[in-house]
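>
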DNA sequence: GAGCACTGC
């Protein structure tokens with residue numbers, strides 16, 4: 004048995020994969036091939052340089068970044084330490100015991116677990132009490148009035164048909180537009196039917212919702228309709244908040260993620276009789292995942308009923324996916340909304356675009372695109388000309404390529420026009436793409452002088468603006484005052500404003516995508532889908548007939564996609580892959596191929612490779628002990644690793660603050676026009692510590708240490724959202740629960756001193772952040788920081804202006820780690836922490852060294868980061884690094900609270916590492 | 001010099 008768990012040469016960071024290039028021949032050529040002409044030559048060099056950068060051949064990363072120096076005194080200390088700890092780190096027996104336990108946890112598959120599924124059990128006593136309760140309620144006056152209202156909903160007329168279909172089939176698709184009442188009624192139909200037939204104890208319904216707010220509000224609504232408080236027959240369960248109803252004879256509204264997490268423990272969904280998946284047409288990852296997973300579950304649980312609910316458009320797709328299961332459509336009810344398009348708006352306002360020939364960026368490219376547009380629009384304009392429904396001017400404007408760009412002046416003209424001509428005093432809701440457009444329009448409206456406060460209430464609405472939580476969005480304004488809301492697509496689903504009568508839809512939406520080739524996320528405006536356009540339109544008809552203006556032509560409307568791309572095709576897949584693994588769904592590719600829409604194999608490969616590099620998956624794509632823990636934590640793998648190391652290094656509180664802020668969202672708000680002030684306050688709070696991540700810690704830490712009034716004041720002073728900070732605080736507590744269940748901590752208070760021995764040691768906290776975020780490393784390019792950095796993948800990137808580092812001018816290290824790189828208007832790194840070389844040398848993967856005439860060169864991460872040092876320094880660092888990584892791997896495989904006051908030799912290494920080393924290493 | 005929107009026992 005000895006040697007089975009021998010100290011391995013592997014890094015804690017895991018093995019890496021060699022970078023590959025399909026263009027090696029190009030990279031190696033010095034000059035372009037002679038047959039190329041003109042622009043082709045330029046493209047050749049651009050492409051070559053990009054490839055070279057990716058291979059690390061063409062930037063300063065290829066050279067050593069400096070020399071690592073250790074003082075003689077320090078060397079002496081390390082030698083002592085190595086001597087004193089050399090014999091004690093092999094603990095084969097305990098490690099092996101854990102391995103066996105772990106092996107049992109990760110092998111096996113979901114089929115086995117499903118085999119043990121049992122049907123929901125019946126209790127006649129409960130059946131009777133539920134029946135009596137229901138019978139009593141029928142004479143309750145409030146219930147009766149609510150019932151009258153419910154009976155007016157279109158879904159009520161289909162009640163018997165829906166029940167019959169569900170009774171006769173295991174899977175049913177119910178489709179219907181907003182207003183048909185399917186979300187609130189279908190679950191009640193089922194429950195009431197069971198109760199009335201004296202089998203209420205057999206009924207426990209889960210209904211999933213894609214958003215937290217809808218889960219709560221639907222639950223409250225349904226409980227109200229049943230004239231009972233929450234937690235009797237109706238409840239909800241979302242992350243961090245739950246009001247659960249009784250076990251039997253009840254309905255729970257959950258977010259999809261909650262159900263998926265529950266299925267990690269109980270894939271059979273024991274005790275559940277019906278699962279309703281609502282809003283599945285939105286195609287978010289979690290419901291796509293659940294739809295596929297349920298396909299396996301229902302094979303073994305024949306008594307479990309699945310009801311898929313979607314919008315009407317495309318609902319056949321879901322039915323087809325479930326072997327053409329029966330499908331019922333409920334007609335919707337909303338007030339009629341008249342739709343107008345760009346040509347109508349131009350006619351109405353007489354608006355004229357700028358001359359399109361004015362230079363806009365890359366001229367030749369633009370000229371080509373302009374031509375494409377003119378060819379596209381010409382047939383449509385010809386038709387309009389023939390019909391003579393629109394003026395000559397309108398046709399001229401439609402031919403202008405600028406007609407396809409988002410034009411704030413046009414929107415302003417339209418708003419003014421509505422305000423002048425439309426007698427109805429209803430609110431106007433404008434859909435824009437983002438912060439800058441909202442800000443611009445707001446300014447233009449102010450400057451125009453046509454919107455005095457006495458007659459208009461203008462409300463910008465964006466997730467980063469404090470207005471989101473304010474009442475004024477929903478309040479009906481006084482008589483004679485018109486409300487104008489300028490919003491992002493937050494007003495499409497998340498925020499519902501009832502008194503809207505006019506909608507202006509700019510036709511664009513910002514979408515994230517995952518660019519596999521460049522291994523980065525993108526955020527770019529795109530045309531809306533028909534589903535978006537119709538959702539936006541629907542916002543005008545909630546209380547009375549309305550009008551919707553789409554700012555694109557009818558010709559463009561014909562080309563729009565029906566739906567947005569499913570989320571699973573637009574995002575990184577690390578979390579999805581970990582979920583597949585923890586649910587024991589077998590081979591990653593096989594499961595992903597069985598989804599309704601499968602991600603590209605390359606996208607899967609990129610994510611699998613990162614997970615291997617993080618040492619979460621081994622070469623056979625099996626979870627490692629680290630991977631097992633990461634899959635249990637509801638965060639991305641890098642943030643999860645950071646949390647685990649925060650526990651081991653006893654700096655848990657600050658690391659948790661950073662982790663939850665990165666994974667959820669930071670708490671900073673951005674009132675319109677206060678951008679500079681916010682930046683200033685952020686820098687003040689960050690105290691020049693060279694880290695956006697520590698800033699997140701500072702914000703939460705200061706908040707937690709204040710009393711109620713102090714918190715309010717603090718949030719006000721530093722542009723922070725009290726609500727978000729409280730949520731973050733709750734999330735920290737939730738992670739303590741997880742860590743407690745995993746045995747990494749033995750109490751649930753994140754501030755407990757036992758887990759925060761080193762929390763004031765910010766160098767150590769930074770090192771833990773670095774260990775988590777690796778391999779997201781970048782090198783600052785010049786001596787003077789001009790915001791330009793190179794990632795170690797060889798991508799050129801720019802520091803995002805919101806980062807505190809974007810204003811910093813001098814640096815004591817050329818290295819930084821980051822969480823998010825997002826390509827929007829530029830390739831931006833959104834957040835960063837400056838790090839010294841040593842944490843990278845210790846936590847990076849693929850440590851190698853090379854000795855030649857010029858001395859010793861250490862390199863990290865497949866030769867992407869190089870440092871010079873003396874021979875003896877290299878040997879010491881290497882040995883210390885091996886010990887540390889071995890110990891960390893041991894700790895992860897054998898979770899337990901690290902006793903920092905203990906005298907064990909392993910503690911000696913951790914203590915040495917955290918107290919004596921991190922900032923004392925100089926780089927020349 | 002810039003920030004679509006969601007979500008996790």
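In my numbering, the protein residues as written are 4 to 927.
Ideal Cβ positions, reconstructed from N, Cα and C, are used throughout, including at glycine.
Predicted model, so just to flag it, every value in this text is computed and none were measured.
Which whole-angstrom value is the C-beta distance of residue 181 and residue 452, which I expect to be below 8 Å?
Not really, about 38 Å apart at Cβ, beyond 8 Å.
> Excluding the five sequence neighbours on either side, which residues of its own chain have a C-beta within less than 6 Å of the C-beta of residue 567, listed in chain order?
Cβ within range, chain order: 532.
> Please state whether the Cβ-Cβ distance between residue 749 and residue 757 is less than 9 Å.
Going by C-beta atoms, residue 749 is nearer than 9 Å to residue 757.
> Could you have a look at residue 912 and say whether DSSP puts it in helix, strand or coil?
DSSP places residue 912 in helix when its eight states are reduced to three.
> So, helix, strand or coil for residue 802, using DSSP?
Note: residue 802 maps to strand in three-state DSSP.
> Residue 44: buried (16+ other C-beta within 10 angstroms of its C-beta) or exposed?
Classification for residue 44: exposed.
> Work out the CA separation of residue 282 and residue 369 for me, nearest whole Å.
About 40 Å.
> Going by alpha carbons, who is nearest to residue 350 out of 661, 795, 144, 387?
For residue 350, the nearest C-alpha among the options comes from 387.
> How would you call residue 106, buried or exposed, if buried means at least 16 neighbouring beta carbons within 10 angstroms?
So residue 106 counts as exposed.
> Does DSSP classify residue 188 as helix, strand or coil?
Looking at residue 188 - three-state DSSP - the assignment turns out to be helix.
> In angstroms with no decimal places, state the Cα-to-Cα distance between residue 25 and residue 507.
The pLDDT assigned to residue 25 is 42, lower than 50, so where the model puts this residue is not dependable; a value taken from the coordinates is nonetheless given after this. So the alpha carbons of these two residues sit roughly 47 Å apart.
> Assess contact between the stretch 253-273 and the stretch 297-306, defined as three or more Cβ pairs (one per stretch) separated by less than 8 Å. Is contact present?
With the cut-off at 8 Å, the stretch 253-273 and the stretch 297-306 touch.
> So if DSSP puts residue 530 in a beta bridge, which residue, or which two residues, is it bridged to?
Bridge partners of residue 530: 511.
> The ligand GDP heavy atoms versus the CB of residue 577: any closer than 8 Å?
The model on display carries no ligand, and the ligand GDP is accordingly not part of it.
> For residue 26, which of helix, strand or coil comes out of DSSP?
Only weak support exists for where residue 26 lies, its pLDDT of 47 falling under 50; the value from the coordinates is given anyway. Three-state DSSP puts residue 26 in coil, outside helix and strand.
> Indicate the three-state DSSP secondary structure (helix, strand or coil) for residue 524 in the structure shown.
Here residue 524 sits in strand by DSSP.
> For residue 775, does the three-state DSSP call read helix, strand or coil?
Three-state DSSP puts residue 775 in a helix.
> Which of helix, strand or coil does DSSP assign to residue 393?
The answer is coil: DSSP assigns residue 393 none of H, G, I, E or B.
> In chain order, what residues of the same chain have a beta carbon less than 8 Å from the beta carbon of residue 398, not counting five sequence neighbours either side?
384, 387, 388.
> Can you give the Cα-Cα distance for residue 358 and residue 403, rounded to whole angstroms?
Rounded to the nearest angstrom, the two C-alpha atoms are 8 Å apart.
> Tell me which residue opens and which closes the alpha helix (DSSP H) that residue 732 is part of.
It spans 725-744 - the alpha helix (DSSP H) in which residue 732 sits, taken as one unbroken run.
> Could you spell out where the beta strand (DSSP E) holding residue 821 opens and where it closes?
It spans 818-821 - the beta strand (DSSP E) in which residue 821 sits, taken as one unbroken run.
> Does the contact criterion of 3 or more C-beta pairs under 8 Å hold for the stretch 625-640 versus the stretch 579-594?
Touching, yes.
> Give, in chain order, every unbroken run of the alpha helix (DSSP H) that is at least 4 residues long and sits entirely within the stretch 174-254.
Listed in chain order, the complete alpha helix (DSSP H) runs (minimum 4 residues) inside the stretch 174-254 are 185-199, 215-228.
> Of all the options 880, 846, 676, which has the alpha carbon lying nearest to the alpha carbon of residue 860?
Closest by alpha carbon: 880.
> Which residues bound the alpha helix (DSSP H) around residue 894?
Looking at the DSSP string, the run of the alpha helix (DSSP H) that includes residue 894 is 874-896.
> Which same chain residues end up closer than 8 Å to residue 170 when comparing Cβ atoms and leaving out the 5 residues on each side of it in sequence?
None.
> Between residue 910 and residue 845, what straight-line distance do the alpha-carbon atoms span, to the nearest angstrom?
Going from the Cα of residue 910 to the Cα of residue 845 covers about 17 Å.
> If you compare alpha carbons, which of 513, 428, 870, 827 is closest to residue 550?
It is 428 whose Cα lies nearest to the Cα of residue 550.
> Which residue or residues does DSSP assign as beta-bridge partners of residue 860?
Answer is 853, 871, bridged to residue 860.
> Less than 9 Å between the C-beta atoms of residue 489 and residue 464, yes or no?
Cβ distance < 9 Å, so residue 489 and residue 464 count as in contact.
> Which of helix, strand or coil does DSSP assign to residue 451?
Three-state DSSP puts residue 451 in a helix.
> With a Cβ-Cβ cutoff of 9 Å, do residue 913 and residue 652 count as a contact?
For residue 913 and residue 652, yes; Cβs fall inside 9 Å.
> Does the distance from the CB of residue 800 to the CB of residue 772 come in under 9 Å?
Contact: no.
> Let me check understanding here. Comparing Cα to Cα, which of 738, 556, 154, 202 lies closest to residue 342?
Per the Cα distances, 556.
> Rounded to the nearest angstrom, what separates residue 546 and residue 504 at their Cα positions?
Each residue's Cα considered, the two are about 8 Å apart.
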